[in-house]
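Numbering (this note's numbering), first residue to last: 16 to 308.
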Ligand SMILES: [Mg+2]
């Protein structure tokens, strides 16, 4: 016998119709209903429709569930910040750094139970030129990777593919000079890559600072100095494996940073190109409520 609808906890489940995972998201509806939830399922087409859905339907539910990857979550941020409803994530995307930062379970059944009953905690976001971001803003190598991924399916599958993309990206980029103002101090450098990172994982699992977390109230900047491509790939692999050498790496931590380059440079914000330097970046401490173990 079906349970009465009254008293059931409502959630809004959002799938991305443009992602390969779009159809898969719909399969989650009966599974969430079996856990006692009343599910509103929608696949808004486009960012405006996504924001409208969250702003209109979000306030009436207990949880907003995004079935997708970092790109889908990042796209929803401005609206999520407008409604004080916790975000739950079912990682269906190709880049799932937020899921890793939140230490979500690997098994789908455990992920669904978390959506239904998991505790709520708060995480930091970053803000770049007034726009919220989830994982990272990067220039140089990071922007070249985003350009390579434009128009093709994102594939962040393992170290070998990572290195293949890294190599192709590296051949495209030229070193750039940047002035960094962080916590009142000025730094200058000549780099091939610079990233400002919110949590521990970004860019498919790169680990700039193994102890950094998504709720520690600081952003981590790291930048790679120019060098022979082989050395840089080696360093990147070492970073990926969590055992970085230091000599070509420049690091800073701060809550507020200003980055200026000689000429405007394209910026990769959570995997998307769009902004250019100069950048005003700041931490938004504990800005977003999320469901996580
Ligand atoms: Mg942090």
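We put the beta carbon where it would ideally sit given N, CA and C, even for glycine.
- Comparing alpha carbon positions, the residue from 148, 274, 275, 141 closest to residue 298 is 141.
- Residue 281 carries a strand assignment under DSSP once its states are collapsed to helix, strand and coil.
- Distance check between residue 302 and each of 152, 236, 92 places 92 closest, using alpha-carbon atoms only.
- In this structure, residue 27 places its C-beta atom within 9 Å of the C-beta atom of residue 73.
- Sixteen is the threshold: since fewer than 16 other Cβ atoms of the shown chains lie within 10 Å of the Cβ of residue 277, the residue is exposed.
- The region 31-114 contains, as complete beta strand (DSSP E) runs of 3+ residues, the segments 52-57, 78-83, 102-106 (chain order).
- For residue 147, the beta-bridge partners assigned by DSSP are 142.
- With a 10 Å radius around the Cβ and a threshold of 16 neighbouring Cβ atoms, residue 106 comes out buried.
- In terms of Cα proximity to residue 29, the closest of 287, 60, 50 is 60.
- Residue 119 carries a coil assignment under DSSP once its states are collapsed to helix, strand and coil.
- For residue 149, the distance from the CB to the nearest heavy atom of ligand 1 is not below 8 Å.
- By the Cβ rule, the region 138-152 counts as touching the region 286-298, because three or more pairs are nearer than 8 Å.
- Around residue 97, the same chain offers 70 as residues with beta carbons nearer than 7 Å, after the five sequence neighbours per side are excluded.
- DSSP, reduced to helix, strand and coil, places residue 132 within a helical segment of the structure shown.
- Taking the Cβ of residue 285 as the reference point, every heavy atom of ligand 1 lies at 8 Å or farther away.
- By the Cβ test, the region 226-245 is not in contact with the region 122-133, since fewer than three Cβ pairs between them sit closer than 8 Å.
- With 16 or more other Cβ atoms inside 10 Å of its own Cβ, residue 101 counts as buried.
- In the three-state DSSP reduction, residue 186 falls in the helix class (H, G or I).
- Distance between residue 281 and residue 153, taken at the CA atoms: about 9 Å.
- Between residue 187 and residue 232, the C-beta spacing is not below 9 Å.
- By the criterion of a C-beta distance shorter than 6 Å, residue 112 is surrounded in its chain by 85, 150, 216, 217, once the five residues flanking it on both sides are discounted.
- Residue 90 holds the alpha-carbon nearest to the alpha-carbon of residue 289 among 76, 90, 195, 135.
- In this structure, the straight-line span from the alpha carbon of residue 198 to that of residue 192 is close to 20 Å.
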